[in-house]
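Participant: Just so we're aligned, residue 1 is where the sequence shown starts under the UniProt record's numbering, counting upward by one.
Here a beta-carbon is modelled for each residue, glycine too, at the ideal position from N, C-alpha and C.
Shown below is the structure under consideration.
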Amino acid sequence: MAEPMVQYRSCNICEAMCGLIVTHDGSDVLSIRPDPDDPLSRGHICPKAVALQDFRTDPDRVTKPLLKRGTDFEEISWDEAYDHAAERIRAVQATHGQDAVAVYLGNPNAHKFGNMLNLPTLIKAIGTGNRFSSATADQIPHHVASIHMLGHPMLMPIPDIDRTDFLLIIGGNPVISNGSMMTAPGYGLRMDAIRARGGRVVVIDPRRTETAERAGEHHFIRPETDAWLILSMIHVILVDGPARLGHLAPLVDGLQALTDAVEPFTPEATAAATGIEAETIRRLARDFAAAPRAVCYARMGASTQSFGTLCQWAANALNIVTGNFDAEGGAMFTTPALDYVGLTSRKGKARTYPERRSRVSGQPLYNGEFPVSTLAEEIETPGPGQIRALVTVAGNPVLTAPNGRRIERALTGLDFMMSLDIHVNDTTRHADLILPGTVALEEPMYDMVFHTFAVRNTVGFAPALFAPPHGNPSEWEVIARLAARLTGANHIGPAPEQVLGMLLPQGFHGDKVTLDGLRSRGRPMDLGPLVANLSDRLETPDGRLNLAPGAFLDDLPRLLVLADHRGDTSRPFALIGRRQVRSHNSWTQNSPRLVKGRNRCTVEVNPEDAARLGLSDGADAVVTSATGSVTLPVEITPAMAPGVVSIPQGWGQKNGRLSAATQTATVSINDLTDDSRTDPLSGNAAFNGLPVALHPV
Numbered sequence: 001m002a003e004p005m006v007q008y009r010s011c012n013i014c015e016a017m018c019g020l021i022v023t024h025d026g027s028d029v030l031s032i033r034p035d036p037d038d039p040l041s042r043g044h045i046c047p048k049a050v051a052l053q054d055f056r057t058d059p060d061r062v063t064k065p066l067l068k069r070g071t072d073f074e075e076i077s078w079d080e081a082y083d084h085a086a087e088r089i090r091a092v093q094a095t096h097g098q099d100a101v102a103v104y105l106g107n108p109n110a111h112k113f114g115n116m117l118n119l120p121t122l123i124k125a126i127g128t129g130n131r132f133s134s135a136t137a138d139q140i141p142h143h144v145a146s147i148h149m150l151g152h153p154m155l156m157p158i159p160d161i162d163r164t165d166f167l168l169i170i171g172g173n174p175v176i177s178n179g180s181m182m183t184a185p186g187y188g189l190r191m192d193a194i195r196a197r198g199g200r201v202v203v204i205d206p207r208r209t210e211t212a213e214r215a216g217e218h219h220f221i222r223p224e225t226d227a228w229l230i231l232s233m234i235h236v237i238l239v240d241g242p243a244r245l246g247h248l249a250p251l252v253d254g255l256q257a258l259t260d261a262v263e264p265f266t267p268e269a270t271a272a273a274t275g276i277e278a279e280t281i282r283r284l285a286r287d288f289a290a291a292p293r294a295v296c297y298a299r300m301g302a303s304t305q306s307f308g309t310l311c312q313w314a315a316n317a318l319n320i321v322t323g324n325f326d327a328e329g330g331a332m333f334t335t336p337a338l339d340y341v342g343l344t345s346r347k348g349k350a351r352t353y354p355e356r357r358s359r360v361s362g363q364p365l366y367n368g369e370f371p372v373s374t375l376a377e378e379i380e381t382p383g384p385g386q387i388r389a390l391v392t393v394a395g396n397p398v399l400t401a402p403n404g405r406r407i408e409r410a411l412t413g414l415d416f417m418m419s420l421d422i423h424v425n426d427t428t429r430h431a432d433l434i435l436p437g438t439v440a441l442e443e444p445m446y447d448m449v450f451h452t453f454a455v456r457n458t459v460g461f462a463p464a465l466f467a468p469p470h471g472n473p474s475e476w477e478v479i480a481r482l483a484a485r486l487t488g489a490n491h492i493g494p495a496p497e498q499v500l501g502m503l504l505p506q507g508f509h510g511d512k513v514t515l516d517g518l519r520s521r522g523r524p525m526d527l528g529p530l531v532a533n534l535s536d537r538l539e540t541p542d543g544r545l546n547l548a549p550g551a552f553l554d555d556l557p558r559l560l561v562l563a564d565h566r567g568d569t570s571r572p573f574a575l576i577g578r579r580q581v582r583s584h585n586s587w588t589q590n591s592p593r594l595v596k597g598r599n600r601c602t603v604e605v606n607p608e609d610a611a612r613l614g615l616s617d618g619a620d621a622v623v624t625s626a627t628g629s630v631t632l633p634v635e636i637t638p639a640m641a642p643g644v645v646s647i648p649q650g651w652g653q654k655n656g657r658l659s660a661a662t663q664t665a666t667v668s669i670n671d672l673t674d675d676s677r678t679d680p681l682s683g684n685a686a687f688n689g690l691p692v693a694l695h696p697v
């Protein structure tokens, strides 16, 4: 047996970037442990990190190119696969036009810097304007708020939680997610530290989440009314006294427009909308404004709803008018070693939004992507621009996009479908061609995206630990070679490490961070706390911060006439999702160590609602929406607000070759969600607040 060796690297399953110590013998993992000296995670990991080894050894993993013959797949060579893909894509486009081929990118791509560097080349080679991703089922409202207010979609305010005195969390569960649009591993300990230094953490959520339990102060809120609450807090603060803009005062436009806009959102009106008492709203607003350092963080529940963009705008505005924007302990901006904002800068140039609108329902195009809620209708609806072929990369929209079964039905009508993936799953089983991907331990690790969202500036690089099976190319190389086949190029360009080596010296810390230095160091490097820098980084055409963009003000009448789902007597409950520590979207569910134990795919129900409906804990219930029905076990808990029920996302694997994921019957929440429910400003899917009915089997 070979002598054990050690590699330090970051986990890239979720956004947390937890530091790991991987002990191996050159061919197998011997152990995966937390790195106590990692400057960001400081010894924290969750169960998902230990499962990194499972993705590599998964017996159901696709390891050779698969071509569908009839209803079965057969193995073919890589050259055959590239040729077949290029031939079929071009054949569809020759008959139906360039936009007849669409591309869908799944969540894992954000964690693979080789993919991030090469996917634009593939999309350009295909030449399609029909591009989709998981982003519009998640976080696009954050980016749209940044475009209109700051001028760049990735200029993202990050809560400086390690130095704040008052943390207000709206619709987020960072103890489970370790951040999400805020990379903060070990979040629970960071919250404990706030309270230990005399600070306060308040959670607003329709469910008393794991974060709320640890925070100690929690207030139930009716789903989809979060923007009401934040705007009402701004109303109280601006009525009480002048805004405190701090050092940004000379750069801020729109304060009077914001003051006028929040006038209708009185605490009394807001209490009727949200279910939170008027005096509680006043107290929260005044305490937030009075805190030496405070920050509002609004996340998944506030983003994936009908008013997601208004929520993110309002959260930014609350931080700005209290002097907590670009300020220590407030919402700050990272200075990562590789500056993603700088790489895509258009400083001084206007960004139009929306860039254009979708062909069928007129949904907005953001940053070159249409909302995934439009994918099915764009496949189903005849006419110029109809999607007739689809390329998916590490994506499973049948389980993760709204009204997933409609998408599945649409996939069966395609002329051609190709997937780059590690599994035959509910989506890729419809593909004509599957190209095998690589997994984390087979790829070099540098997180281009999530260092941009981190609560502390750090940097780290780790080379691939193992070779892909059967001598397969890395995933980035598959993408690059496919692009070359489509364009006729005779080379594929530099490897991702070469590009990284060129970019790091151009970043914020180029004087001390180089790829060679990171290689020789072998461990992540601390680059210090967040620092005030927004004055120099605003990307708006006039270099100013827009506190009250017209697009957001124009959407306020829709919020003021917010329809109350309780008026729907046939579907009187509001459905929300929930995160789980041993799951990440749909792609971690085939790890036996992550799915073992009791069935965690349950519908959580308040005890009063359960008693009224005759529901029993552990017994099955039927949940019905406008688009479908599912049957799953009931979990009765006072953690749920009355009138609200919760189902976790990422489950429901029914088909494909996933032995661990299908050993227990589970359901997909997206068999219920409605692709016609979106946030019209961003096109983001409105998963939360969905009207449903509930009754025992």
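Going by alpha carbons, who is nearest to Q663 out of K654, N670 and A401?
Facilitator: Of the candidates K654, N670 and A401, the one whose C-alpha sits nearest the C-alpha of Q663 is K654.
Participant: Is it right to say S629 is buried, meaning 16 or more other beta carbons lie within 10 angstroms of its own, or is it exposed?
Facilitator: Per the 10 Å Cβ criterion, exposed.
Participant: Do F466 and R61 have their beta-carbon atoms positioned less than 8 Å apart in this structure?
Facilitator: For R61 and F466, no; Cβs fall outside 8 Å.
Participant: In terms of alpha-carbon separation, which member of I221, F288 and A289 lies closest to I276?
Facilitator: When each option's Cα is compared against that of I276, the closest is I221.
Participant: Tell me which same chain residues have a C-beta within less than 7 Å of the C-beta of F307, skipping the five on either side of it?
Facilitator: Here the set comprises E224, A227, L559 and D679.
Participant: For the pair the segment 666-673 and the segment 637-653, tell me if three or more CB-CB distances fall below 8 Å.
Facilitator: In short, these stretches touch, since the Cβ pair count reaches three.
Participant: Where do the N-terminal and C-terminal ends of the beta strand (DSSP E) with V101 fall, by residue?
Facilitator: Segment V101 to L105, the beta strand (DSSP E) holding V101.
Participant: Among the residues of its own chain, which have a CB less than 8 Å from the CB of L503, if the five just before and after it don't count?
Facilitator: Correct list, in chain order: L338 and L343.
Participant: Drop a sphere of 10 angstroms on the beta-carbon of D564, count the other beta-carbons inside from all chains shown, and report buried for 16 or more, exposed for fewer.
Facilitator: Unreliable placement is indicated for D564, whose pLDDT of 47 sits below 50; the coordinate value is still reported in the next sentence. Its Cβ having fewer than 16 others within 10 Å, D564 is exposed.
Participant: Could you tell me the boundaries of the alpha helix (DSSP H) in which D516 lies?
Facilitator: Per DSSP, D516 belongs to the alpha helix (DSSP H) from L515 to R521.
Participant: Can you tell me where the beta strand (DSSP E) with A620 in it begins and where it stops?
Facilitator: It should be pointed out that residue 620 corresponds to Asp in this sequence rather than to Ala. Residues D620 to T624.
Participant: Can R677 be considered in contact with the ligand COA, in the sense that its beta carbon sits closer than 7 Å to one or more heavy atoms?
Facilitator: Absence of the ligand COA from the depicted structure is noted, as is the absence of any ligand whatsoever, leaving it without description.
Participant: Run through DSSP, which three-state label would G577 get?
Facilitator: Three-state DSSP puts G577 in coil, outside helix and strand.
Participant: Going by DSSP in three states, H44 sits in which element: helix, strand or coil?
Facilitator: Coil at H44, not helix or strand.
Participant: How about E635 and D617: are their beta carbons less than 8 Å apart?
Facilitator: Yes, Cβ-Cβ distance for E635 and D617 is below 8 Å.
Participant: Can you have a look at R566 and say buried or exposed, based on whether 16 or more other CB atoms are within 10 angstroms of its CB?
Facilitator: Unreliable positioning characterises R566 in this predicted model, as indicated by a pLDDT of 49, which lies under 50. A coordinate reading is not provided.
Participant: What three-state label does DSSP hand P496 in the structure shown?
Facilitator: Three-state result, P496: helix.
Participant: Going by DSSP, what residue range makes up the beta strand (DSSP E) through H24?
Facilitator: Here the beta strand (DSSP E) through H24 covers G19 to H24.
Participant: Just to confirm, are V92 and A389 a CB contact at a threshold of 8 Å?
Facilitator: Result yes, Cβ atoms of V92 and A389 sit closer than 8 Å.
Participant: To the nearest angstrom, how far is the alpha carbon of H24 from that of P468?
Facilitator: Their backbone Cα atoms lie some 16 Å apart in a straight line.
Participant: So, helix, strand or coil for R566, using DSSP?
Facilitator: Low per-residue confidence applies at R566: pLDDT is 49, beneath 50, and the placement is therefore not dependable enough to give any value.
Participant: So, helix, strand or coil for residue 698, using DSSP?
Facilitator: Missing from the structure shown is residue 698; the chain here goes from 1 to 697 and no further.
Participant: Quick one: what does DSSP say Q506 is sitting in, helix, strand or coil?
Facilitator: It is helical.
Participant: With 16 as the cutoff for other CB atoms within 10 Å, does Q506 come out buried or exposed?
Facilitator: Looking at its Cβ environment, which holds fewer than 16 other Cβ atoms inside 10 Å, Q506 is exposed.
Participant: Can you say whether P292 is buried or exposed, counting buried as having 16 or more other CB atoms within 10 angstroms of its CB?
Facilitator: Exposed, since its Cβ has fewer than 16 Cβ neighbours within 10 Å.
Participant: Sort P382, E355 and P436 by Cα distance to T392 and report the nearest one.
Facilitator: Out of P382, E355 and P436, P436 has the C-alpha closest to the C-alpha of T392.
Participant: Of the residues A212, L681, L167 and P206, which one's Cα is nearest the Cα of R197?
Facilitator: Answer by Cα proximity: L167.
Participant: Can you give me the C-alpha to C-alpha distance between R485 and Q98, rounded to a whole angstrom?
Facilitator: Cα to Cα, the separation comes out at about 16 Å.
Participant: Can you check DSSP and say which residues form a bridge with P549?
Facilitator: According to DSSP, P549 bridges with nothing at all.
Participant: Which of the three DSSP states, helix, strand or coil, is assigned to H219?
Facilitator: Three-state DSSP puts H219 in a strand.
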